[in-house]
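Numbering of the sequence shown is given in full-length UniProt numbering, commencing with residue 1 and proceeding in unit increments.
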Amino acid sequence: MPGLITEEGANGVRQGEPAPAPYTNGYDNGADTNGNTNGNSNGSINDHYNPYRNGTQEVNHDDWFIGSVDQGTTSSRFIIFNSWADPVAMHQIEFENLYPQSGWHDQSPYELLDTVEECIEKATEKFVALGYLKSQIKAIGITNQRETTICWDKNTGEPLCQAVVWPDTRTKDLVRELKGRPGADKLTDLCGLPLSTYPSSVKLMWMIKHHEEVGKAYDESRLAFGTVDSWLIYKLNGGIERNIHVTDTTNASRTMFMNLHTLKYDDQLLNFFEIDPSKVTLPKIVPSSSPDAYGSIARGALAGVKIGGCLGDQSSALVGQCGFNAGQAKNTYGTGCFLLYNVGHKPVISKYGLLATVAYDFGEGSEPVYALEGSVAVAGSGVKFLLNNLGFERDSHRISALAESVEDSGGLVFVTAFSGLFAPYWIDDAKGTIFGITQHTQRGHIARATLEATCFQTRAILDAMEHDSGHKLHSLAVDGGMSNSDLTMQTQADVSDIQVARPPMRETTALGAAIAAGMAAEGCGWDSLEDVAEMMRIKDHVKIFKPANDKKKVARMYANWERAVQMSRGWVVQEEDDGPEHAVNIKQSQS
């Protein structure tokens with residue numbers, strides 16, 4: 001029967017006719033996005049999971065579907081989900097990242113758009129090949145890499161320069177100068193973010209000052225600014241034809257232009273960064289889910305389909321994990337780790353070096369939800385280091401097995417500070433350092449210590465989140481490439497003394513945007529977040545990793561980690577810190 005999909009649940013063995021490689025029934029199971037910030041990325045350890053519900057799925061033209069654009073740092077994807085939030089069809093394209101100078105990181109705005117449009121076309125072709133109709137796709141959502149900054153001419157709709165990507169550090173001298181200005185110490189209380197090279201504000205300020213075309217457009221009041229979501233929505237709607245220039249609150253909260261309490265642009269923030277709103281068009285800030293705010297696709301296979309939702313990638317992953325209640329947290333194990341902790345309807349300004357951000361805002365009478373965020377610089381990239389730099393194995397899937405070949409790390413501690421340490425330490429002068437090497441040390445010990453380093457840093461962030469929020473965390477939802485390693489997830493549960501919950505379908509970032517769009521679409525059954533959470537509870541067999549009882553051993557391991565962190569400092573002449581000025585050591589703050 002055309003379109004019949006039968007899956008055997010636990011092991012993913014497929015019955016009947018296989019779909020053409022490399023896509024299984026239109027869906028690429030376990031693709032490596034090579035660094036995409038959504039976490040399906042570098043260092044994926046064991047990504048052979050089954051994305052489908054158990055049982056038989058037969059084509060029904062009364063069913064409805066939601067599409068999701070997932071635009072990341074190294075690739076763009078489009079995934080089509082059914083009404084049970086299962087992925088049905090998908091296409092992914094990697095694109096070029098540009099590094100024209102030391103510390104510079106660019107992308108082509110055209111390539112971001114082109115890859116998204118091609119992914120929509122190809123995934124829709126696969127969807128139709130399964131026997132479905134394009135008209136069954138009721139809406140699409142968008143999730144994106146955050147902070148990446150794009151400038152275009154509002155009169156022509158064309159970009160004025162390359163996009164400046166979120167980890168770009170060309171602004172470090174500007175940031176250092178801004179930290180000395182009056183009012184710099186008040187910024188975090190207004191917008192939740194510390195001054196650093198990451199937010200869009202300093203990127204735009206630098207571009208106006210140093211890029212001739214951007215500066216000229218600003219002086220002539222024809223400059224349009226946006227993050228990746230704004231650019232994609234603008235162009236997918238046809239550009240200047242409809243002029244849909246919007247952003248959602250989660251992306252706006254990463255610019256340092258939006259007041260975290262009012263969810264509106266703040267004159268004090270704009271003035272600090274010397275941004276005159278009469279000279280630059282800023283995107284209108286709208287809720288993350290809306291039936292009308294985002295317009296619709298102007299051309300192509302899905303012309304006329306509404307864009308119903310938009311979320312920054314880490315917020316989208318929290319929504320995809322159904323982290324709708326205060327006290328719930330998620331960690332995406334990608335190239336690095338990104339942790340979001342739901343703190344409820346009032347923002348919490350961190351005392352421990354974390355970021356305050358908008359988790360999601362679904363509008364229509366619902367209150368916005370806020371989160372604390374922390375990040376680990378090295379997670380999957382640590383696995384890649386073992387592969388590419390040390391030649392331990394030929395593929396990342398073998399690293400977990402190598403780590404399991406030994407009982408423990410053999411006393412080894414690996415501080416994976418390849419570019420300093422992020423939250424809550426914010427230590428720029430730390431260097432990657434291995435402690436405890438003996439003649440007994442084997443490759444397996446180093447592999448295990450590498451995985452443990454990610455877990456130790458995650459615990460440090462979770463401890464900071466508990467201190468900031470005043471709430472005890474009981475469970476951590478996980479996704480991303482490294483989450484496929486049972487050893488890593490069990491280690492995380494042990495060292496953090498909490499349950500780790502891993503869903504069978506790890507496309508949570510794309511799913512979050514699909515949920516936002518589905519909530520806004522007519523004729524869809526996702527009527528409330530409670531309904532979505534209940535549906536996911538019923539259908540998903542979440543694997544729970546419970547902490548071990550040997551708390552003394554864990555305490556000893558973590559104490560050794562903390563000592564190693566301090567000993568990893570001072571290998572080079574310390575440079576001026578670009579991290580948050582208010583970041584403090586948790587233990588020191590409690591003493």
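Glycine residues also receive a C-beta, built at the ideal position from the N, C-alpha and C atoms.
If we count the other Cβ atoms within 10 Å of its Cβ and call it buried at 16 or more, is LYS209 buried or exposed?
-> To locate residue 209, count along the sequence shown from 1; it is residue 209. When all chains shown are included, LYS209 counts as exposed.
Tell me whether the beta-carbon of THR255 lies closer than 8 angstroms to the beta-carbon of SER288.
-> Along the sequence shown, read from residue 1 onward, the residue named residue 255 stands at position 255. Along the sequence shown, read from residue 1 onward, the residue named residue 288 stands at position 288. Contact: no.
Is the Cβ-Cβ distance between VAL164 and CYS322 less than 8 angstroms?
-> Locating residue 164 in the sequence shown gives position 164, counting from the first residue. Locating residue 322 in the sequence shown gives position 322, counting from the first residue. It is not a contact, given that the beta carbons lie outside the stated cut-off.
In chain order, what residues of the same chain have a beta carbon less than 8 angstroms from the beta carbon of ASN155, not counting five sequence neighbours either side?
-> Taking the sequence shown and counting its residues from 1, one reaches residue 155 at position 155. Closer than 8 angstroms at the Cβ level, and outside the excluded window around ASN155, lie ARG222, ILE240.
Would you tell me roughly how many angstroms separate the C-alpha atoms of PHE127 and VAL88, rounded to the nearest one?
-> Taking the first residue of the sequence shown as position 1, residue 127 is located at position 127. Taking the first residue of the sequence shown as position 1, residue 88 is located at position 88. If you take the alpha carbons of PHE127 and VAL88, they lie about 7 angstroms apart.
Out of GLY411, MET505, SER405, SER400, state which residue places its alpha-carbon closest to the alpha-carbon of LEU487.
-> As a position in the sequence shown, residue 487 is number 487, starting the count at 1. Residue SER400 is the option with its Cα nearest to LEU487.
For CYS337 versus THR143, is the C-beta distance shorter than 8 angstroms?
-> Stepping through the sequence shown from its first residue, residue 337 is reached at position 337. Stepping through the sequence shown from its first residue, residue 143 is reached at position 143. No. Outside cutoff.
Residues near GLY480 by beta carbon distance below 6 angstroms, same chain, minus five either side | Here residue 480 refers to the residue found at position 480 when the sequence shown is read from its first residue. Excluding sequence neighbours, GLY480 sits near GLY39, THR332, TYR333, GLY334.
Based on the DSSP output, what are the partners of GLN107 in its beta bridges?
-> Within the sequence shown, residue 107 is the residue found at index 107, counting from 1. ALA163, per the DSSP bridge assignment.
How long is the line joining the alpha carbons of ARG77 and PRO182, rounded to whole angstroms?
-> One-based indexing of the sequence shown puts residue 77 at position 77. One-based indexing of the sequence shown puts residue 182 at position 182. ARG77 and PRO182: Cα-Cα distance of roughly 43 angstroms.
Taking the beta strand (DSSP E) that CYS151 falls in, what are its first and last residues?
-> On the sequence shown, position 151 is the one that residue 151 refers to. Under the DSSP assignment, CYS151 falls in the beta strand (DSSP E) whose first and last residues are 149 to 153.
Residue range of the unbroken beta strand (DSSP E) whose run includes LEU340 = The residue labelled residue 340 in the question sits at position 340 within the sequence shown. Unbroken beta strand (DSSP E) run through LEU340: 337 to 344.
Write down the C-beta distance between ILE349 and ARG569 rounded to the nearest angstrom, noting that I regard them as a contact closer than 8 angstroms.
-> For the purposes of this step, residue 349 is taken as residue 349 along the sequence shown, with counting starting at 1. For the purposes of this step, residue 569 is taken as residue 569 along the sequence shown, with counting starting at 1. So it is not a contact: roughly 27 angstroms between Cβ atoms.
Backbone secondary structure at MET256 - three-state DSSP | Your numbering for residue 256 matches position 256 in the sequence shown. DSSP places MET256 in coil when its eight states are reduced to three.
Which residues in the same chain as TRP571 place their Cβ atom closer than 7 angstroms to its Cβ, once the five residues preceding and following it in sequence are excluded?
-> Translated into positions along the sequence shown, residue 571 becomes position 571. So the qualifying residues of the chain are LYS431.
Find the nearest neighbour of PRO291 within the set GLY380, VAL305, PHE414, judged by alpha-carbon distance.
-> For the purposes of this step, residue 291 is identified with residue 291 of the sequence shown, where counting begins at 1. Sorting GLY380, VAL305, PHE414 by C-alpha distance to the C-alpha of PRO291 places VAL305 at the top.
Check whether GLN199 and GLU147 have beta carbons under 8 angstroms apart | Here residue 199 refers to the residue found at position 199 of the sequence shown. Here residue 147 refers to the residue found at position 147 of the sequence shown. Here the sequence assigns Pro to residue 199, which means Gln is not the residue at that position. Yes, the pair counts as a contact, with Cβ atoms nearer than the cut-off.
Using the DSSP secondary-structure output, state which residues sit across from ALA371 in a beta bridge.
-> For the purposes of this step, residue 371 is taken as residue 371 along the sequence shown, with counting starting at 1. DSSP output for ALA371 lists ASN342, THR357 as bridge partner(s).
Per DSSP, residue 592 is paired with what?
-> What the structure shows of the chain is the stretch from 1 to 591, and residue 592 is not part of that stretch, so it cannot be assessed.
Can you give me the start and stop residues for the beta strand (DSSP E) that GLU94 sits inside?
-> As a first step, residue 94 is located in the sequence shown; it is residue number 94 there, counting from the start. That run of the beta strand (DSSP E) goes 87 to 94.
Going by the beta-carbon positions, is the gap between GLN499 and HIS471 smaller than 8 angstroms?
-> Taking the first residue of the sequence shown as position 1, residue 499 is located at position 499. Taking the first residue of the sequence shown as position 1, residue 471 is located at position 471. No, the Cβ-Cβ distance between GLN499 and HIS471 is not below 8 angstroms.
DSSP-derived helix/strand/coil call for PHE272 = Position 272 of the sequence shown, counting from 1, holds the residue named residue 272. In the structure shown, PHE272 sits in a helix (DSSP, three-state: H, G or I).
Rounded to whole angstroms, how far is the Cβ of PHE392 from the Cβ of ARG443, which I believe are closer than 8 angstroms?
-> Within the sequence shown, numbered from 1, the residue matching residue 392 stands at position 392. Within the sequence shown, numbered from 1, the residue matching residue 443 stands at position 443. With 8 angstroms as the limit, PHE392 and ARG443 qualify as a contact, their Cβ atoms being about 5 angstroms apart.
What span of residues does the beta strand (DSSP E) with LYS330 cover, start to end?
-> Along the sequence shown, read from residue 1 onward, the residue named residue 330 stands at position 330. That run of the beta strand (DSSP E) goes 329 to 333.
Whether ALA379 touches ALA371 by CB criterion (8 angstroms) = If you number the sequence shown from 1, residue 379 lands on position 379. If you number the sequence shown from 1, residue 371 lands on position 371. It is not a contact, given that the beta carbons lie outside the stated cut-off.
Whose C-beta lies closer than 7 angstroms to the C-beta of LYS122 among residues of the same chain, with five residues either side of it excluded?
-> Taking the first residue of the sequence shown as 1, we reach residue 122 at position 122. Answer for LYS122: HIS91, listed in chain order.
Thinking C-alpha only, which one of GLU407, SER496, GLU466, TYR218 is nearest THR454?
-> Numbered from 1 along the sequence shown, position 454 holds the residue referred to as residue 454. That would be SER496, whose Cα lies nearest to the Cα of THR454.
Within 10 angstroms of the Cβ of GLY365, are there 16 or more other Cβ atoms? Answer buried if so, exposed if not.
-> Position 365 of the sequence shown, counted from the start, is the residue given in the question as residue 365. Under this definition GLY365 is an exposed residue.
How about LEU511 and GLY363: do their beta carbons lie closer than 8 angstroms?
-> In the sequence shown, residue 511 corresponds to position 511, counting from 1. In the sequence shown, residue 363 corresponds to position 363, counting from 1. It is not a contact, given that the beta carbons lie outside the stated cut-off.
Helix, strand or coil: which one does DSSP assign to SER316?
-> The residue labelled residue 316 in the question sits at position 316 within the sequence shown. It is helical.
Going straight from the alpha carbon of GLN136 to that of PRO109, what length do you get?
-> Numbered from its first residue, the sequence shown carries residue 136 at position 136. Numbered from its first residue, the sequence shown carries residue 109 at position 109. Each residue's Cα considered, the two are about 30 angstroms apart.
Among ALA298, PRO277, TYR341, which one has its Cα closest to the Cα of ASN325?
-> Position 325 of the sequence shown, counting from 1, holds the residue named residue 325. Nearest option by C-alpha distance: TYR341.
Integer-rounded CB distance, given that TYR352 should sit under 8 angstroms from ASP468 = To locate residue 468, count along the sequence shown from 1; it is residue 468. To locate residue 352, count along the sequence shown from 1; it is residue 352. Taking a contact as a CB-CB distance under 8 angstroms, the pair ASP468 and TYR352 counts as one, their CB atoms being some 6 angstroms apart.
Validate contact between the region 262 to 277 and the region 78 to 86 using beta carbons, cut 8 angstroms, 3 pairs | no
DSSP on SER135, reduced to helix/strand/coil?
-> The residue labelled residue 135 in the question sits at position 135 within the sequence shown. If DSSP states are grouped into helix, strand and coil, SER135 belongs with the helices.
What is the DSSP secondary structure of ARG299, reduced to helix, strand or coil?
-> Taking the first residue of the sequence shown as 1, we reach residue 299 at position 299. Looking at ARG299 - three-state DSSP - the assignment turns out to be coil, as it is neither helix nor strand.
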